[in-house]
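Peer 1:
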Amino acid sequence: MKLKLSALVIFSAILSYFAVVKEVNWLAVLMLFLGGFLITGASNGFNQVMEKELDKLMNRTKNRPLPTSRLNNTEALIFCFLCTVAGIALLWFFTNPLSALLGLLSVILYTLVYTPLKLKTPFAVFVGAFPGALPPMIGAVAATQGFGELKFVAWVLFFVQFMWQFPHFWAIAWVSHDDYQRAGFFMLPTRSGRSKNSAFQILIYALFLIPISIMPSIFRFTGWISGGIIFVCGIIFFLQALKLYKECSIEAARKLMFGSFFYLPIVQLLIMAGRWMV
Numbered sequence: 000m001k002l003k004l005s006a007l008v009i010f011s012a013i014l015s016y017f018a019v020v021k022e023v024n025w026l027a028v029l030m031l032f033l034g035g036f037l038i039t040g041a042s043n044g045f046n047q048v049m050e051k052e053l054d055k056l057m058n059r060t061k062n063r064p065l066p067t068s069r070l071n072n073t074e075a076l077i078f079c080f081l082c083t084v085a086g087i088a089l090l091w092f093f094t095n096p097l098s099a100l101l102g103l104l105s106v107i108l109y110t111l112v113y114t115p116l117k118l119k120t121p122f123a124v125f126v127g128a129f130p131g132a133l134p135p136m137i138g139a140v141a142a143t144q145g146f147g148e149l150k151f152v153a154w155v156l157f158f159v160q161f162m163w164q165f166p167h168f169w170a171i172a173w174v175s176h177d178d179y180q181r182a183g184f185f186m187l188p189t190r191s192g193r194s195k196n197s198a199f200q201i202l203i204y205a206l207f208l209i210p211i212s213i214m215p216s217i218f219r220f221t222g223w224i225s226g227g228i229i230f231v232c233g234i235i236f237f238l239q240a241l242k243l244y245k246e247c248s249i250e251a252a253r254k255l256m257f258g259s260f261f262y263l264p265i266v267q268l269l270i271m272a273g274r275w276m277v
């Protein structure tokens, strides 16, 4: 399991829950955490089963349990299936059916749509951004009774996570481009690879994040203090992307990658905190 990414995914669902809930149900929060963890783990597991042979070709993945035969495909599939069923059941019975169905949708999109597309087109990252952005929506739906009751801030959290994934994953793809090429993956936004064109698209998405993330403050769903801090975070993140555009270097991409791990939880936490302080 990709623990850092899984932690960010689950964290975003929990924060979204607290951002929209009227009365906290701590059992539901616990089940949201466990269900999200199981569903995320299952998605990553199915992905690794499908890419077992390709993972053998990449330095970053060749030591995983499947490529090294510490685990076989049947064992992995059974484990992932059980995790999926358990995760969906926890969401269904302890939050509501809609959040469970969204969890199932995320597994299907990630496994059956995004994973095969990675070998065919750079557009795969765009497709994968939808299941990647569903956790905030799952958390918000778990706190309410459906899309009709979702608050504006929940949609903002969804779009922040959606847009964030592009500079985040493309920074990773830039650092690991040679590895991905050996396996035949198209992960950077253009087929030109580590180029100005790819860096420009990363820069544009980092720029789009700034107005989207401060929308709760603009529309007075959160206070201006949290909005101001979020704006500063957005500028710092954008400057990291700008540095990558200017240098087109692996080191600049690595800094952007690490910056993205801090940017998302900080912004989401500030949006949630700002919402409660209004």
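Residues 0 to 277 in numbering that gives the first Met the number 0 are what the sequence shown lists, from first letter to last. C-beta: ideal position from N, C-alpha, C; glycine also.
1. Would a C-beta distance cut-off of 9 Å place phenylalanine 220 and arginine 274 closer than the cut-off?
2. Answer with buried or exposed for phenylalanine 122, where buried requires no fewer than 16 other C-beta atoms within 10 angstroms of its C-beta.
3. Assuming glycine 273 is part of the alpha helix (DSSP H), what are its boundary residues?
4. State the DSSP-derived secondary structure class of threonine 39, mapped to helix, strand or coil.
5. Should proline 115 go down as buried or exposed, given a rule of 16 or more other Cβ atoms within 10 Å for buried?
6. Starting from phenylalanine 185 and walking both ways along the alpha helix (DSSP H), at which residues does that stretch end?
7. Answer with buried or exposed for threonine 83, where buried requires no fewer than 16 other C-beta atoms within 10 angstroms of its C-beta.
8. Does the beta-carbon distance from leucine 29 to glutamine 267 come in below 9 Å?
9. Quick check: what's the CA-CA separation for tryptophan 163 versus tyrosine 204?
10. Spatial neighbours of phenylalanine 165 within its chain, please: CB distance less than 6 Å, with the 5 preceding and 5 following residues excluded, ordered by chain position.
11. Within 10 Å of its beta-carbon, does aspartate 177 have 16 or more other beta-carbons around it, so buried, or fewer, so exposed?
12. With distances taken Cα to Cα, identify the nearest neighbour of leucine 243 among Phe125, Ser194, Leu90 and Asn71.
13. Please report the distance separating the alpha-carbon of alanine 88 from that of glycine 44.
14. Between the alpha carbons of serine 191 and serine 175, how many angstroms are there, rounded?
15. Flag this pair as yes or no: are the beta carbons of leucine 65 and glycine 183 separated by less than 9 Å?
16. Which runs of the beta strand (DSSP E) spanning at least 3 residues fall entirely within the segment 92-143, listed in chain order?
17. How is isoleucine 235 classed by DSSP in three states: helix, strand or coil?
18. Between Ile235, Phe218 and Thr189, which lies nearest to isoleucine 209 when the distance is taken from Cα to Cα?
19. So, leucine 206 versus cysteine 232, is the Cβ gap smaller than 9 Å?
20. To the nearest whole angstrom, what separates the beta carbons of glycine 102 and glycine 34, a pair I think is in contact under 8 Å?
Peer 2: Well, looking at it:
1. Walking along the sequence shown from the start, residue 220 turns up at place 221. Walking along the sequence shown from the start, residue 274 turns up at place 275. Yes, the Cβ-Cβ distance between phenylalanine 220 and arginine 274 is below 9 Å.
2. On the sequence shown, position 123 is the one that residue 122 refers to. So phenylalanine 122 counts as exposed.
3. Numbered from 1 along the sequence shown, position 274 holds the residue referred to as residue 273. Per DSSP, glycine 273 belongs to the alpha helix (DSSP H) from 249-276.
4. Taking the sequence shown and counting its residues from 1, one reaches residue 39 at position 40. Note: threonine 39 maps to helix in three-state DSSP.
5. For the purposes of this step, residue 115 is taken as the residue at position 116 of the sequence shown. Looking at its Cβ environment, which holds fewer than 16 other Cβ atoms inside 10 Å, proline 115 is exposed.
6. To locate residue 185, count along the sequence shown from 1; it is residue 186. That residue, phenylalanine 185, is in no alpha helix (DSSP H); it is neither H nor E in DSSP.
7. Position 84 of the sequence shown holds residue 83. Classification for threonine 83: buried.
8. On the sequence shown, residue 29 is found 30 positions in, with the first residue counted as 1. On the sequence shown, residue 267 is found 268 positions in, with the first residue counted as 1. Not a contact, by the Cβ cut-off of 9 Å.
9. Translated into positions along the sequence shown, residue 163 becomes position 164. Translated into positions along the sequence shown, residue 204 becomes position 205. Approximately 7 Å between the Cα atoms of the pair.
10. Taking the first residue of the sequence shown as position 1, residue 165 is located at position 166. For phenylalanine 165, where only same-chain residues beyond five positions count, the Cβ hits under 6 Å are Tyr204.
11. By 1-based counting over the sequence shown, the position of residue 177 is 178. It is exposed - the Cβ of aspartate 177 has fewer than 16 other Cβ atoms within 10 Å.
12. Looking up residue 243 in the sequence shown gives position 244. Checked all of Phe125, Ser194, Leu90 and Asn71; the closest Cα to leucine 243 is Ser194.
13. Working through the sequence shown from its first residue, we reach residue 88 at position 89. Working through the sequence shown from its first residue, we reach residue 44 at position 45. One C-alpha to the other measures close to 18 Å.
14. By one-based count along the sequence shown, residue 191 stands at place 192. By one-based count along the sequence shown, residue 175 stands at place 176. About 15 Å.
15. Here residue 65 corresponds to residue number 66 of the sequence shown, with the count starting at 1. Here residue 183 corresponds to residue number 184 of the sequence shown, with the count starting at 1. Result no, Cβ atoms of leucine 65 and glycine 183 do not sit closer than 9 Å.
16. none
17. Indexing the sequence shown from 1 puts residue 235 at position 236. In this structure, isoleucine 235 counts as helix in the three-state DSSP scheme.
18. Residue mapping note: residue 209 aligns to position 210 of the sequence shown, counting from 1. The residue with the shortest Cα to Cα distance from isoleucine 209 is Ile235.
19. As a first step, residue 206 must be located in the sequence shown, where it is residue number 207. As a first step, residue 232 must be located in the sequence shown, where it is residue number 233. Not closer than 9 Å, so no.
20. In the sequence shown, the residue the question calls residue 102 occupies position 103. In the sequence shown, the residue the question calls residue 34 occupies position 35. Rounded, the Cβ-Cβ distance is 7 Å, consistent with contact.
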